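Using UniProt numbering, the first residue of the sequence shown is number 1, and each one after it goes up by one.
Don't be surprised by glycine CBs; every beta carbon is placed ideally from N, CA and C.
These numbers were taken from a predicted model, which means no experiment stands behind them.
All remarks here apply to the structure that follows.
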Amino acid sequence: MGSIPDPGELTELTQPSFDEFQRQTSLMTSCTLLWKELSDHINSLEQNLMKQSETLKRKIEALDSETKASLDSLKKRELSIEDSVKIALSRVEFNTKAAMRTLGDDVEDNPDGEVDDGDGLLQHLKSTCLKMEAKEFWSFVIGKKKEIDLLREKIPAALSECIDPARFVMEAISEVFPVDKRGNEGGSDLAWACVLILESLIPVVVDPVIGKSRILVTPSMKEQAKEIAETWKKSLEERGGIENVKTPDVHTFLQHLVTFGIVKKEDLEFYRKLVVASAWRKQMPKLAVSLGLGDQMPDMIEELISKGQQLDAVHFTYEVGLVDKFPPVPLLKSFLRDAKKAASSILDDPNNTGRAAQLAARKEQSALRAVIKCIEEYKLEAEFPPENLKKRLEQLEKTKTEKRKPVVVPANKRTRVNNGGPMPPAKAGRLTNAYVSSFPAPPPFVRSPSHTQYPAPVPGYPSPPPMYGSRSPPTNPYAYSPEAAPPPLAGSYPGAPMNYPAYGGYGNGLAPAYQQAYYR
């Protein structure tokens with residue numbers, strides 16, 4: 001059995017090997033890297049926690065600020081209810097008394113609603129509003145379309161005289177909205193009147209104390225407005241969906257929602273589709289913001305651009321302040337390029353050979369006018385000078401005018417519009433440069449029995465239409481009216497020879513005298 005070495009006894013030290021040294025070195029390196037990785041990870045976690053803490057802190061501060069602002073607004077609204085109700089009640093009482101006085105007055109109303117000026121128009125509108133005669137009010141408004149600017153100015157003041165403006169407006173437009181009750185005898189589109197009246201109602205029903213944030217519409221009227229909106233949505237399916245509905249009807253529906261404050265958050269996607277489908281309407285950008293679609297505006301603008309509606313996209317960008325993200329000048333130039341391409345495709349279309357040039361010019365003219373108006377509206381003259389566009393527009397209009405300009409051709413006074421019969425002799429003595437033809441006299445003309453399509457002779461001497469489209473000399477000196485134009489004289493004649501009756505002054509071998517203007 002081996003002996004146990006004494007701890008105090010000196011023994012020989014073993015020399016560490018080089019492999020052991022490398023192993024320990026590698027181990028230290030691995031530990032160092034692992035420590036560094038752990039330290040970096042812990043530092044990253046600390047930084048993320050600090051950032052999240054700061055974010056939460058800012059959110060809490062913002063939430064506290066919003067909560068405070070909301071509480072202040074609620075307190076203000078609560079305190080303003082009493083004042084608003086007093087104002088509304090006093091207005092109702094005043095309007096009721098005014099309506100009673102109007103009904104009691106023995107004033108002869110103008111049955112035709114004819115008014116001479118703005119004051120007379122306002123008085124007539126106020127009279128119908130005071131009496132709550134919605135149908136008469138509607139008839140009067142739709143009969144004054146030519147004075148729409150004056151109506152837009154006067155209707156709000158007239159509606160303020162109503163005892164219940166919301167009820168009055170819904171009754172007034174009920175003939176055509178939400179469903180047109182005129183049937184097949186509907187006639188012209190009256191959506192413009194609906195939009196005008198709904199827009200005019202807004203300043204009447206807003207809270208006089210806190211403004212548009214509160215609409216003074218009774219709960220019963222708001223429920224009725226919601227039912228009207230649902231009825232319109234159901235009728236939309238019967239009319240073929242969003243793609244087939246008329247833009248004026250869409251405008252009326254959206255304005256109805258905004259006016260009565262009945263926008264639904266769950267229907268925002270539906271509103272978005274309606275707005276995009278009718279984006280060319282001038283009021284659509286403002287309506288989109290009022291409907292709560294401000295956050296979706298960038299996507300809507302990109303959708304309009306992808307559909308080739310760059311001009312509409314420009315109006316939307318200015319409404320929501322996204323001009324930096326969607327610069328207007330490149331969009332307008334792209335719109336013009338697309339319009340020129342469309343005009344070229346019209347010219348190349350074989351189905352429009354007769355009117356291709358006119359349709360193409362009209363397409364380009366419409367695009368130029370729209371772009372010039374947009375440049376002037378948004379003050380883009382420095383970035384996109386409109387001079388060249390105006391010159392091109394003038395050039396197209398000049399070409400269109402020249403094409404429409406009729407060619408003035410001296411009429412042959414001796415041309416008859418009938419099929420036969422003697423013609424008065426030519427008064428060649430009155431012409432100093434009478435042209436004498438060397439052609440022989442034409443043989444008498446005998447009408448063929450097969451030519452029954454020619455009308456009977458017309459008595460009298462109506463003014464003949466111009467025979468020639470230019471000032472070049474006529475190739476056939478024997479001109480007949482278009483109603484009874486005989487076969488051409490030149491060439492061989494099949495069958496029996498045709499006989500011509502001797503026209504007065506023509507049987508002597510002389511051709512009709514032509515004025516010198518034909519040869520200039």
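Own chain partners of residue i with C-beta closer than 7 Å, once the 5 adjacent residues on each side are dropped
i    : result
V263 : L257, L291 and G292
K222 : F260 and I262
A367 : F335, L336 and A339
D312 : A279, W280 and L304
K363 : A339, A342, A343 and I346
E247 : It is Thr, not Glu, that sits at residue 247 in the sequence shown. Here the set comprises S278 and R281.
Reduced DSSP category for residue i - H, G, I as helix; E, B as strand; rest coil
i    : result
D295 : helix
V206 : strand
S213 : strand
L190 : coil
I173 : helix
S17  : coil
D72  : helix
R239 : coil
V258 : helix
P178 : coil
P385 : coil
D40  : helix
R392 : helix
K282 : coil
D267 : helix
L56  : helix
S80  : helix
I197 : helix
C162 : coil
K400 : helix
V446 : Caution applies to V446, whose pLDDT of 45 falls short of 50 and renders its modelled position unreliable; the value that the coordinates give is listed next. Looking at V446 - three-state DSSP - the assignment turns out to be coil, as it is neither helix nor strand.
T231 : helix
T218 : coil
K379 : coil
Burial state of residue i (16 or more Cβ within 10 Å)
i    : result
M284 : buried
Q310 : buried
Q52  : exposed
M50  : exposed
A456 : Since pLDDT at A456 reaches only 47, below the 50 mark, its modelled position is unreliable, and no value is offered.
I60  : exposed
D106 : At D106, the pLDDT of 42 sits below 50, so the modelled position is not reliable; the number obtained from the coordinates is stated separately. Result: exposed.
K86  : exposed
W35  : exposed
H251 : buried
F21  : exposed
K154 : buried
P330 : exposed
I148 : exposed
V275 : buried
A193 : buried
H124 : buried
Own chain partners of residue i with C-beta closer than 8 Å, once the 5 adjacent residues on each side are dropped
i           : result
residue 540 : The structure shown does not extend to residue 540, since the chain spans only 1 to 520, so no value can be given for it.
K333        : F384
P381        : One point to set straight first is that residue 381 is Glu, not Pro, in the sequence displayed. Correct list, in chain order: I375.
Among the options, the one whose alpha carbon lies nearest that of residue i
i    : options                   : result
T128 : K154, K144, K146 and C162 : C162
I228 : S213, Q47, A166 and F94   : A166
L89  : T218, G120, S188 and L45  : T218
C374 : V320, P330 and H315       : H315
V141 : L130, L122 and H41        : L122
P298 : G308, A277, L287 and V320 : V320
D164 : F177, H41 and V204        : V204
I81  : A225, L216, R58 and E237  : L216
G294 : Y271, G308, V371 and E78  : Y271
E78  : Q296, K286 and I210       : I210
K76  : T32, T317, D40 and S213   : S213
L189 : G143, L45 and L151        : Position check: residue 189 holds Asp in this sequence, whereas Leu was assumed. Nearest option by C-alpha distance: G143.
L196 : D267, E238, K226 and D249 : D249
Residues near residue i by beta carbon distance below 6 Å, same chain, minus five either side
i    : result
A134 : F168, E171 and A172
E175 : K181
V179 : S235
S17  : none
F326 : I301 and T317
is_contact[residue i, chain D] using C-beta, thresh 7 Å
i    : result
K273 : Given the protein chain composition of this structure (a single chain), no chain D is represented.
Proximity test, residue i beta-carbon vs the ligand MG heavy atom, cut-off 6 Å
i    : result
A382 : Of the ligands one can find in the structure shown there are none, so the ligand MG has no counterpart to examine.
- prompt: What are the start and end residues of each continuous beta strand (DSSP E) run of 3 or more residues lying completely inside the region 294-370, in chain order?
  reply: As far as the region 294-370 is concerned, it has no whole beta strand (DSSP E) run of at least 3 residues.
- request: Kindly provide the ranges of any alpha helix (DSSP H) runs that are 4 or more residues long and lie completely inside the region 108-158, ordered along the chain.
  value: Within the region 108-158, complete alpha helix (DSSP H) segments of at least 4 residues are found at 118-130 and 134-142, given in chain order.
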